[in-house]
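**Q** In our numbering, the protein residues as written are 145 to 619.
All C-beta atoms in this analysis are idealised placements derived from N, C-alpha and C, irrespective of residue type, glycine included.
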Amino acid sequence: MPLIYIVDDEENMCRALKISLEIDGFNVLDFTDAPAALEFMKNNPDKLPDIVVSDLKMPEMGGIEFLIELKKIDCTIPFIIMTAYATIKNAVSAIKEGAFDYILKPFEPNELKLLIKKAISENDFSKNNEIRQDNTNIEFIGESEAIKSVLEKVASVAFSRTTVLITGESGTGKELIAKLIHQKSERKKKPFVKINCAAIPENLLESELFGHKKGSFTGALTDKIGKFEAADTGTIFLDEIGDMSLSLQVKLLRVLQERQIEKIGDNKLITIDVRIIAATNQDLQKLITEGNFREDLYYRLNVFPIKLPPLRQRREDIMPLTEFFVNKFNLEFNKNVVSINNNLKDFLLKYNFSGNIRELSNIIERAMILARGTELNLSHIDKDDPLLKAIMSEAKNEGIIENNKIINILEGQNGNLTEAELGEGLISLEQIERQHIIDILKTTGWHRGKAAEILKIDRSTLYRMMKKYNIEYEA
145 MPLIYIVDDE ENMCRALKIS LEIDGFNVLD FTDAPAALEF MKNNPDKLPD
195 IVVSDLKMPE MGGIEFLIEL KKIDCTIPFI IMTAYATIKN AVSAIKEGAF
245 DYILKPFEPN ELKLLIKKAI SENDFSKNNE IRQDNTNIEF IGESEAIKSV
295 LEKVASVAFS RTTVLITGES GTGKELIAKL IHQKSERKKK PFVKINCAAI
345 PENLLESELF GHKKGSFTGA LTDKIGKFEA ADTGTIFLDE IGDMSLSLQV
395 KLLRVLQERQ IEKIGDNKLI TIDVRIIAAT NQDLQKLITE GNFREDLYYR
445 LNVFPIKLPP LRQRREDIMP LTEFFVNKFN LEFNKNVVSI NNNLKDFLLK
495 YNFSGNIREL SNIIERAMIL ARGTELNLSH IDKDDPLLKA IMSEAKNEGI
545 IENNKIINIL EGQNGNLTEA ELGEGLISLE QIERQHIIDI LKTTGWHRGK
595 AAEILKIDRS TLYRMMKKYN IEYEA
């Protein structure tokens with residue numbers, strides 16, 4: 145079973161969590177301060193944790209500092225922060241430093257267990273799939289001329305070792321195109337290694353990219369193979385390349401020029417054979433003008449550019465993508481949706497999709513959770529989606545929504561409203577919002593992280609709304 149470190153300066157909290165987790169079969173070590181946990185790791189490298197659950201505010205070393213030190217030992221260990229409502233901002237800072245998630249005190253033991261299992265599962269999936277022989281068939285959905293042009297470029301460049309730069313707004317499918325290039329290349333049975341340059345703290349990114357030697361810095365307990373070396377003979381995908389620091393850009397430029405890397409703490413050059421694909425949603429030429437991106441690196445990366453158009457510029461792809469997501473979530477949620485109502489089709493075809501394919505996927509996922517029959521329709525688009533937002537904005541001046549609009553738009557989702565409310569013909573925005581949040585929490589088994597994702601808000605906003613509407617966990 146996975147080994148969990150519990151770190152909290154409150155001894156009773158450590159003991160309670162240890163007992164609760166051990167009942168579920170987890171191996172647990174508990175520490176009342178972070179330095180003790182770090183010292184144990186350094187002295188027992190064979191007992192590194194599979195996950196760490198740590199309090200945010202501790203007297204000797206706080207949770208964020210603990211996280212930073214842990215990443216120096218092993219940056220792949222998932223880290224969950226426990227925090228009080230008043231310190232949510234600090235918890236968000238921890239996530240920016242690489243924490244997996246945070247959980248708000250007081251919490252139900254089952255909520256923490258779900259979060260732990262999710263973190264371990266996602267970490268295992270990442271490890272098993274990041275460096276692998278990928279024979280999975282990848283399909284990029286689209287029938288528009290714009291996508292046909294993109295796929296023609298993919299087919300043309302795949303069999304070379306030419307460096308590719310993929311640009312486009314967030315959610316347009318840049319990573320999928322990178323994987324498609326790899327799959328269609330002669331390297332398809334070799335590693336495909338991805339690294340998000342924006343997701344890893346700057347002081348750790350160099351080690352992640354190029355590796356390090358044991359003892360090269362505090363916490364470097366063993367030799368580490370970097371992503372470039374792991375991708376040798378295969379493909380490396382540098383996502384969010386526009387977020388890389390100027391100092392690392394210099395080192396990446398040298399790799400592109402010489403096809404050699406140098407580990408931190410080692411002066412030995414390692415020759416690598418790696419296909420490089422980079423991606424960004426930023427305007428690199430603007431960053432060059434602002435002095436935040438090297439022009440010479442830009443030209444090294446932009447040998448073969450592929451620009452992905454936003455979904456609003458290829459509306460003929462919206463329904464094929466919608467049908468793809470319906471089929472996907474039918475399997476995932478064990479649903480049997482076989483048709484899409486014309487009113488929903490009209491809405492999707494007219495909507496702007498600022499979040500592109502990712503936003504469409506999120507909308508359909510939430511709709512599929514709410515769907516009960518064989519047809520997907522407007523009633524399954526939740527309150528936070530644009531159609532209902534537009535209707536509600538019209539009613540804001542009056543502070544109410546007419547009952548017939550609720551029936552026409554929500555078609556049956558008013559089952560939890562009282563007969564008196566329906567009979568009056570007036571329903572407040574607050575009542576609708578409160579009930580919608582409760583419905584989503586119930587569908588996710590009161591998993592607040594998943595509920596926030598479905599509601600398309602961050603967890604701190606969800607907690608504020610739950611507090612505002614006095615929403616409490618229901619067993």
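#1: Which residue's Cα is closest to the Cα of Ala343: Cys219, Ile282, Leu441, Ile420?
#2: Excluding sequence positions up to five away, which residues of its chain have a Cβ less than 7 Å from the Cβ of Pro253?
#3: Which partner residues does Thr362 have in the DSSP bridge list?
#4: Exposed or buried, Ile310, counting other C-beta atoms within 10 Å across all chains shown (16 or more means buried)?
#5: To which residues of the same chain is Lys186 closer than 7 Å at the C-beta, ignoring the five residues directly before and after it?
#6: I'd like to know whether the C-beta atoms of Asp376 and Ile416 end up nearer to each other than 7 Å.
#7: Suppose you measure from the CA of Val399 to the CA of Gly169; what does that come to, to the nearest Å?
#8: To the nearest angstrom, report how far apart Leu214 and His356 are at their CA atoms.
#9: Buried or exposed, going by whether 16 or more other CB atoms sit within 10 Å of the CB of Asn500?
#10: Starting from Asn614, trace the beta strand (DSSP E) in both directions and tell me its first and last residue.
#11: Assign Asp245 to one of three DSSP states: helix, strand, or coil.
#12: Check the DSSP bridge columns for Ala423 and list the partner residues they point to.
#13: Roughly how many angstroms separate the alpha carbons of Glu352 and Glu519, rounded to a whole number?
#14: Which one or two residues does DSSP pair with Pro449 in a beta bridge?
#15: Return the chain-ordered list of same chain residues with a C-beta closer than 8 Å to the C-beta of Ser237, the five sequence neighbours on each side being excluded.
#16: Mark Thr605 as exposed unless 16 or more other C-beta atoms lie within 10 angstroms of its C-beta, in which case mark it buried.
#17: From Gln393 to Leu441, what distance separates their C-alpha atoms?
#18: Just checking, does the region 289–309 make contact with the region 472–482 on the three C-beta pairs under 8 Å criterion?
#19: Answer yes or no: do Pro464 and Ile582 have a C-beta to C-beta separation smaller than 7 Å?
#20: Check the DSSP bridge columns for Tyr149 and list the partner residues they point to.
#21: Let me check one thing: in DSSP terms, what residues is Met226 bridge-paired to?
#22: Ends of the beta strand (DSSP E) at Asp383?
#23: How far does the beta strand (DSSP E) with Gln623 in it reach, from first residue to last?
#24: Enumerate in chain order the residues of its own chain whose CB-to-CB distance from Asp199 is below 7 Å, with the five nearest sequence positions on each side excluded.
#25: Buried or exposed for Leu455, going by 16 or more other Cβ atoms inside 10 Å?
#26: Do Asn347 and Asp383 come within 7 Å of each other at the CB atom, strictly closer than that value?
#27: Name the residue from Thr379, Glu577, Met609 whose alpha carbon lies nearest to the alpha carbon of His326.
#28: Just list the alpha helix (DSSP H) runs in the region 478–530, keeping only unbroken ones of 4 residues or longer that don't cross its boundaries, in chain order.
#29: Between which residues of its own chain and Lys328 is the CB-CB distance below 6 Å, once the five residues before and five after are set aside?
#30: Among Leu493, Gln426, Leu258, whose alpha-carbon lies nearest the alpha-carbon of Gly315?
**A** Walking through what the data contain:
#1: Cys219
#2: Ser164
#3: Per DSSP, none; premise fails for Thr362.
#4: buried
#5: Leu365
#6: yes
#7: 46 Å
#8: 16 Å
#9: buried
#10: Looking at the DSSP string, Asn614 is not in any beta strand (DSSP E), and its letter there is neither H nor E.
#11: strand
#12: Ile310
#13: 47 Å
#14: Leu309
#15: Ile208
#16: exposed
#17: 7 Å
#18: no
#19: no
#20: Leu173, Val196
#21: Asp199, Ile247
#22: 379–383
#23: The displayed coordinates of the chain run from 145 to 619. Any statement about residue 623 would go beyond what the structure contains.
#24: Val151, Asp152, Asp153, Gly207, Met226
#25: buried
#26: no
#27: Thr379
#28: 486–494, 500–514
#29: Ala302
#30: Gln426
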